[in-house]
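Heads up, the thing below is written out as structure tokens.
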């Protein structure tokens with residue numbers, strides 16, 4: 018990644034599962050500095066014990082605080098925005114807290130990046146932002162819209178914004194894998210909301226590499242969507258604890274039966290490449306390279322976890338979760 022040579026990279030939410038893996042990966046390139054921006058001093062302290070590379074800087078701050086972002090972004094070339102409230106139940110019961118972090122925080126990142134002359138910003142999104150039914154998804158959809166539209170008002174500045182959208186991350190903090198493992202170890206039933214439920218699935222390594230690749234290829238305004246497999250949640254339970262009893266508990270508030278990453282309406286301005294899709298912005302300045310070199314999608318196409326053509330088997334899931 019030649020474009021990263023001697024550059025300063027900042028990641029918001031840098032002490033989370035994605036942030037830690039991203040920092041470890043980005044240090045393999047010849048970067049000048051990596052700034053870990055997050056609000057939890059304990060997590061930063063613990064991360065500093067594990068990550069001792071002299072190029073790392075730790076910066077306490079909250080994306081809700083625009084002034085703090087202005088200070089943190091000084092001299093930064095690239096920003097990966099991973100900070101968010103992500104837990105669906107927490108967002109449902111603390112709605113305005115989710116709005117302040119996921120929407121107001123997104124706008125603060127945008128304004129700080131433009132005013133500080135950051136070159137490129139990639140924001141992490143979620144499959145729950147496509148046709149959202151819960152507040153988390155709704156706030157991330159609003160965030161996606163903000164980052165795409167931000168390219169319209171950069172003026173003569175060089176700052177460009179794009180979004181990466183993918184599904185559930187295997188073994189990330191708060192994911193179902195460690196929860197199922199804990200329940201199994203305690204000899205308890207594994208709670209499944211609905212035996213028909215499906216989800217998109219991506220490893221943390223794959224997610225981090227896709228973000229770095231998207232940061233390299235972005236022109237501005239794109240939503241990058243990787244081609245990843247689906248899995249049945251009941252198969253995941255069988256992979257983790259084949260002898261455990263399964264209990265069907267019903268869908269929780271704000272939970273979908275299947276997830277969507279590209280809606281039928283978005284598909285009309287989406288182009289396909291070998292390993293990913295690009296949802297192009299519906300603005301006059303849309304990068305024409307994608308339309309020129311990508312493949313248009315057929316009428317009625319949508320990318321959902323239940324109609325996906327690639328699926329993980331129980332055996333493949335067992336291999337994936339073994340090291341978590």
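In the working numbering, the protein residues as written are 18 to 341. C-beta atoms are modelled at their ideal positions from N, C-alpha and C, and glycine is treated no differently.
- Put simply, the backbone Cα of residue 111 is about 9 Å away from that of residue 152.
- Where residue 248 is concerned, there is no enclosing alpha helix (DSSP H), although the beta strand (DSSP E) around it starts and stops at 247 to 249.
- A Cβ-Cβ distance of about 19 Å is found for the pair residue 141 and residue 193, leaving them out of contact under the 8 Å criterion.
- The Cβ-Cβ distance between residue 51 and residue 77 does not fall below 8 Å.
- Taking each of 270, 19, 18 and 276 in turn and checking the Cα distance to residue 217, the smallest one comes out for 276.
- For residue 268 and residue 251, the gap between their C-alpha atoms comes out near 14 Å.
- The beta-carbon separation of residue 177 and residue 125, rounded to 18 Å, does not stay under the 8 Å limit for a contact.
- Annotated three-state conformation of residue 321 is strand, per DSSP.
- Shortest Cα-Cα distance from residue 37 to any of 48, 60 and 25 involves 60.
- A direct Cα-to-Cα measurement between residue 225 and residue 160 gives close to 20 Å.
- Spanning the alpha carbons of residue 84 and residue 93 requires a straight line of approximately 15 Å.
- Relative to the Cα of residue 95, the nearest Cα in the group 109, 55, 175 and 113 belongs to 175.
- Residue 185 has 218 as its beta-bridge partners, per DSSP.
- Membership of residue 201 in the alpha helix (DSSP H) is indicated by the continuous run 193 to 202.
- With respect to residue 329, residue 284 sits apart: the two C-beta atoms are not nearer than 8 Å.
- In this structure, 185 is the residue among 257, 261, 113 and 185 with its C-alpha nearest to the C-alpha of residue 242.
- Here the C-alpha atom of residue 237 lies approximately 19 Å from the C-alpha atom of residue 29.
- The alpha-carbon of residue 240 is positioned some 6 Å away from that of residue 179.
- Looking at 278, 108, 155 and 256, the one whose alpha-carbon comes closest to that of residue 333 is 256.
- By the beta-carbon neighbour count (other beta carbons within 10 angstroms, threshold 16), residue 144 is buried.
- Membership of residue 34 in the alpha helix (DSSP H) is indicated by the continuous run 34 to 43.
- Excluding residues up to 5 positions away in sequence, 174, 175 and 176 lie with their Cβ nearer than 8 Å to the Cβ of residue 134 in the same chain.
- Between residue 137 and residue 232, the beta carbon gap of about 6 Å places them in contact (Cβ cut-off 8 Å).
- The Cβ atoms of residue 21 and residue 48 sit closer than 8 Å to each other.
- By the criterion of a C-beta distance shorter than 8 Å, residue 169 is surrounded in its chain by 300 and 302, once the five residues flanking it on both sides are discounted.
- Runs of the alpha helix (DSSP H) lying entirely within the stretch 107 to 169, each at least 4 residues long, are 112 to 116, 122 to 133 and 152 to 166 in chain order.
- Closest option to residue 157, judged by alpha-carbon separation, among 262, 63, 18 and 101: 101.
- Taking a contact as a CB-CB distance under 8 Å, the pair residue 312 and residue 289 counts as one, their CB atoms being some 4 Å apart.
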